[in-house]
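Read through the structure below, which is laid out as structure tokens, and then see the notes.
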Amino acid sequence: MNPYDESLKQMLNHLLLERHCELESELVGDKLIMLLQHPGLRDIAVRTSSAANYAGRSSPCYFDVERTFQQLGIRISELQALRSERQTHALQFAPLETQDENLHQTPDLDVNQQRGARSGRHIPKYLPPYPSVHTYKQTRMDLITDRGYVAERERRAQHRSNTQRALNKFYLRTQPTASLFNSKSEQGVVLQVQTAGKPAYLSALMPQDEIFDVDIYEFVAEPLSEKAQGNSFLREAVTSNADRPERPPDYERLFKEFCAAEDLSYVPWEQRLVSFNSKPCM
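Read in order, the letters of the sequence shown correspond to residues 858 to 1139 in our numbering.
Encoded structure:
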């Protein structure tokens, strides 16, 4: 219930207390609130609330109501005469419609409307097609007046349970079934498990309706820049010994082999370098 309806309900209770009246049922009070929701009364409430919000007040005051009456041309004398008027007869309201009388009313549906036309893109393709909206055209529509938190949660839970139960019955009628017992009985009938050709999430990971002009996964070899050509990590791999560059000769190994062939004592180059540096200069 929006704030305007709550304020109308409070005003209705105040008027009924002044007239010493009592409501027989809440439906009568809801009917009176619907009658009070006249465009003129709603315009007065909206203008008064807007004036209070514009002035920075959290709730409307007398000056906001007076300004609204001046804008709409309502005179205080007419309201006082209406308040002092005493009616000798009671108002007669039309009898409330029961559920039996309301059976002929069905929800208005479009001929071309189909279930899931706008919001059915999330439904996987391997599921059977959903029935049209006209399948439930004879569904009874109930007027809900209680919008409390607990009642709303119970109503949503009941609606979800009814939807799941109806969907299970629909699957049992349309899909292949198997019985849990050897005898052919309607009790213990379950759906046969069918091995899916592909996972259900595959269509979401690899959508088929998106077509790219360029394959984003195709490897394209880009030419190396001048700095990249000098990098040893980016050079091509050597596949054979013929492609390897020639190594410089090992003079130390050749000198060692020469000393062994001539029966000469071999001195490593580190010692030769130390002895050479220790000689005095002439």
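Beta carbons are placed, not taken as given, at the ideal position from N, Cα and C, and that holds for glycine.
- Across the structure, I931 and M891 are spaced so that their CA atoms are roughly 22 Å apart.
- Between the C-alpha atoms of T905 and Y983 there is a straight-line separation of about 56 Å.
- Less than 8 Å divides the Cβ of T1034 from the Cβ of Q1049.
- The C-beta distance from R924 to A902 rounds to 13 Å, too long to fall under 8 Å, and the pair is not in contact.
- Remark: C-beta atoms of L865 and L893 approach each other more closely than 8 Å.
- Residue environment: D1003 is assigned as exposed (fewer than 16 neighbouring CB atoms within 10 Å of its CB, all protein chains considered).
- Within the segment 991-1055, the complete beta strand (DSSP E) runs of at least 3 residues fall at 1034-1036, 1046-1048.
- For M891, the secondary structure class from DSSP, reduced to helix, strand or coil, is helix.
- If you look at E881, you'll find it isn't in any alpha helix (DSSP H); DSSP assigns it neither H nor E.
- Scanning Y1123, L898, D862 for the CA closest to the CA of L929 turns up L898.
- With contacts defined as CB atoms closer than 8 Å, L869 and L884 fail to qualify as a contacting pair.
- P917 sits buried, since 16 or more C-beta atoms from the chains shown fall within 10 Å of its C-beta.
- A direct Cα-to-Cα measurement between Y919 and R1010 gives close to 39 Å.
- With contacts defined by Cβ atoms closer than 8 Å, P981 and S1040 do not form a contacting pair.
- Bounds of the alpha helix (DSSP H) holding S934 are 933-941.
- Comparing alpha carbon positions, the residue from Y1006, G1005, T1020, R1012 closest to D999 is R1012.
- With respect to the C-alpha of D862, the residue from C878, H877, D887, L880 having the closest C-alpha is D887.
- The three-state reading of DSSP puts F1112 in helix, counting H, G and I together.
- In this structure, the CA atom of T1020 is about 14 Å from the CA atom of L1029.
- By alpha-carbon distance to R876, the top candidate from F926, S882, S941 is S941.
- Residue environment: D921 is assigned as buried (16 or more neighbouring CB atoms within 10 Å of its CB, all protein chains considered).
- Linking Q1044 to F1038 through their CA atoms gives a straight-line distance of about 8 Å.
- C-alpha of S1089 to C-alpha of A1078: approximately 18 Å in a straight line.
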